[in-house]
Amino acid sequence: MKQIDMNSPEFQAELEKTWQFVEKVDKQFGFVQNPDQEINEGVAMGLARNKLIYGKRYCPCFMVIGETPEERKKADNRICPCKPALEKEIPEDGVCHCGIFCTPEYAEKKKLEETAEEAAHQHSRGLTQEEAELLVDKEQLDGDELESLMEARELGMVTFTLVDVREPMEYQMGHIKGTDELWPTSQFYEWFEKIQGRKEERFILYCHTGSRSYQVQHVMKAQGFAHVGNLSYGIVSYPGEIVRGD
Ligand code: SF4
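Each residue of the sequence shown is one higher than the one before, counting from 1 in full-length UniProt numbering.
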């Protein structure tokens, strides 16, 4: 296979053409680039590389199958902008598999999510209403994000039920201030029966390190619970207040 030197004038010229191609596709279909420029750069470089090796802009996120041009034509290789992205991925998810082509709505939402995460991590300011609403819908939260959400909940910006899925003894030894309910994993079948009427409520679960709560999240989602978040690394990653006792 042809070796590509990324610093060669040949590659740089092809990369330049690839960016022009990306702009043309954006214009033709009304797409925008991903707000994460690293994603765009990685994909553009992959497309340029494939163009130099295979003569076509095959998708860099999939293996190019076939040794000869005839074999490659027969195989279901993705040539950019590929059919699955245009017909399914972008209309349904707002973004193509590789991430470079997005709908303006997807890009806007992603930008806001990134700002919300930054605000939660820097503790520089509280969340705005919009940021709080985006963050509360994340499936995997880190400690800083949950702490910001607890603050936002106190201010009446969002509602959710914070649930500890550890055992009563662990809860007594220390739990997140503001925990609303205790659902010990060992008594799963008992409490799971009782919460069947609460499928539209929003829950955030936590345990010690995030693995028990992740499993519970998984089961709840499979059973039709609409909004279940998880504190990814558990109470040990939570920087906010921990209280002892009942
Ligand atoms: S997924 Fe399709 S549209 Fe997106 S970069 Fe790959 S080939 Fe292009």
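We treat Cβ as the ideally placed atom computed from N, Cα and C, and that holds for glycine.
> Using a threshold of 6 Å, is the CB atom of alanine 85 nearer than that to any non-hydrogen atom of the ligand SAM?
Replying inline: Absence of the ligand SAM is noted for the structure shown, with the ligand SF4 being the only ligands found.
> Terminal residues of the continuous alpha helix (DSSP H) containing asparagine 50?
Replying inline: What you label residue 50 is simply residue 50 of the sequence shown in a count that begins at 1. Where asparagine 50 is concerned, the enclosing alpha helix (DSSP H) stretches over 37-54.
>> Run through the DSSP bridge pairs and tell me what glutamate 181 is partnered with.
In response: In the sequence shown, counting from the first residue as 1, residue 181 sits at position 181. Val163, per the DSSP bridge assignment.
>> Quick check on DSSP: helix, strand or coil for phenylalanine 29?
In response: Numbered from its first residue, the sequence shown carries residue 29 at position 29. It is helical.
>> Could you compute how far the alpha carbon of lysine 17 sits from the alpha carbon of cysteine 102?
In response: As a first step, residue 17 is located in the sequence shown; it is residue number 17 there, counting from the start. As a first step, residue 102 is located in the sequence shown; it is residue number 102 there, counting from the start. The straight-line gap from Cα to Cα measures roughly 20 Å.
> Touching or not, the stretch 138-154 and the stretch 109-122, by the rule of three or more beta carbon pairs under 8 Å?
Replying inline: yes
>> Taking the straight line between their C-alpha atoms, what separation do you get for isoleucine 195 and tyrosine 238?
In response: Here residue 195 corresponds to residue number 195 of the sequence shown, with the count starting at 1. Here residue 238 corresponds to residue number 238 of the sequence shown, with the count starting at 1. Taking the straight line from one Cα to the other gives about 26 Å.
> How is the alpha helix (DSSP H) around isoleucine 204 delimited, first residue to last?
Replying inline: By one-based count along the sequence shown, residue 204 stands at place 204. Looking at the DSSP string, isoleucine 204 is not in any alpha helix (DSSP H); the run it does join, the beta strand (DSSP E), is 202-206.
>> For a quick check, are the C-beta atoms of arginine 49 and isoleucine 79 less than 7 Å apart?
In response: Position 49 of the sequence shown, counted from the start, is the residue given in the question as residue 49. Position 79 of the sequence shown, counted from the start, is the residue given in the question as residue 79. Not in contact: arginine 49 and isoleucine 79 (Cβ atoms no closer than 7 Å).
> Exposed or buried, glycine 99, counting other C-beta atoms within 10 Å across all chains shown (16 or more means buried)?
Replying inline: Position 99 of the sequence shown, counted from the start, is the residue given in the question as residue 99. Answer is buried; the Cβ neighbour count reaches 16.
> Can you give the beta carbon distance from leucine 162 to isoleucine 204, rounded, assuming they're within the 8 Å contact cut?
Replying inline: Along the sequence shown, one-based indexing puts residue 162 at 162. Along the sequence shown, one-based indexing puts residue 204 at 204. Going by Cβ atoms, the distance from leucine 162 to isoleucine 204 rounds to 5 Å, so yes, they are a contact pair.
> Can the beta-carbon of glycine 229 be found closer than 7 Å to that of glutamate 139?
Replying inline: To locate residue 229, count along the sequence shown from 1; it is residue 229. To locate residue 139, count along the sequence shown from 1; it is residue 139. Against a cut-off of 7 Å, the Cβ pair of glutamate 139 and glycine 229 comes out as a contact.
>> Quick check on the contact list: which residues have their beta carbon closer than 6 Å to a heavy atom of the ligand SF4?
In response: Val43, Cys59, Cys61, Arg78, Cys80, Pro81, Cys82, Ala85, Cys96, His97, Cys98, Ile100, Phe101
> Are the stretch 196-215 and the stretch 231-245 touching, with three or more C-beta to C-beta distances below 8 Å?
Replying inline: yes
> Nearest-angstrom Cα distance between alanine 107 and threonine 159?
Replying inline: As a working mapping, residue 107 is identified with position 107 in the sequence shown. As a working mapping, residue 159 is identified with position 159 in the sequence shown. Rounded to the nearest angstrom, the two C-alpha atoms are 26 Å apart.
> In its own chain, which residues sit with a C-beta less than 8 Å from the C-beta of leucine 52, not counting the 5 before and 5 after it?
Replying inline: Within the sequence shown, numbered from 1, the residue matching residue 52 stands at position 52. Within the same chain, leucine 52 has close Cβ partners Lys2, Ile4, Glu10, Phe11, Glu14.
> DSSP on phenylalanine 11, reduced to helix/strand/coil?
Replying inline: Within the sequence shown, numbered from 1, the residue matching residue 11 stands at position 11. Helix at phenylalanine 11.
>> Suppose only complete runs of 4+ residues qualify. What are the alpha helix (DSSP H) ranges in the stretch 50-115, listed by chain order?
In response: 69-74, 90-93
>> With H, G and I counted as helix, E and B as strand and the rest as coil, what does DSSP make of glutamine 215?
In response: On the sequence shown, residue 215 is found 215 positions in, with the first residue counted as 1. Note: glutamine 215 maps to helix in three-state DSSP.
> In terms of residue numbering, what span does the alpha helix (DSSP H) encompassing leucine 134 cover?
Replying inline: Translated into positions along the sequence shown, residue 134 becomes position 134. Leucine 134 -> alpha helix (DSSP H) spans 129-135.
>> For phenylalanine 31, tell me which candidate among Tyr54, Lys88, Trp19, Pro104 has the shortest Cα-Cα distance.
In response: On the sequence shown, residue 31 is found 31 positions in, with the first residue counted as 1. Residue Pro104 is the option with its Cα nearest to phenylalanine 31.
>> Just to confirm the assignment, what range does the beta strand (DSSP E) spanning leucine 231 have?
In response: By 1-based counting over the sequence shown, the position of residue 231 is 231. Per DSSP, leucine 231 belongs to the beta strand (DSSP E) from 227-231.
> In its own chain, which residues sit with a C-beta less than 8 Å from the C-beta of glutamate 71, not counting the 5 before and 5 after it?
Replying inline: If you number the sequence shown from 1, residue 71 lands on position 71. Cβ within range, chain order: Ile65.
> CA-CA distance, proline 81 and valine 165?
Replying inline: In the sequence shown, the residue the question calls residue 81 occupies position 81. In the sequence shown, the residue the question calls residue 165 occupies position 165. Using only the alpha carbons, I get a separation of about 45 Å.
>> Taking the straight line between their C-alpha atoms, what separation do you get for histidine 218 and tryptophan 19?
In response: For the purposes of this step, residue 218 is taken as the residue at position 218 of the sequence shown. For the purposes of this step, residue 19 is taken as the residue at position 19 of the sequence shown. Their Cα atoms are separated by approximately 40 Å.
> How far does the alpha helix (DSSP H) with tyrosine 189 in it reach, from first residue to last?
Replying inline: If you number the sequence shown from 1, residue 189 lands on position 189. Start and end: 188-194.
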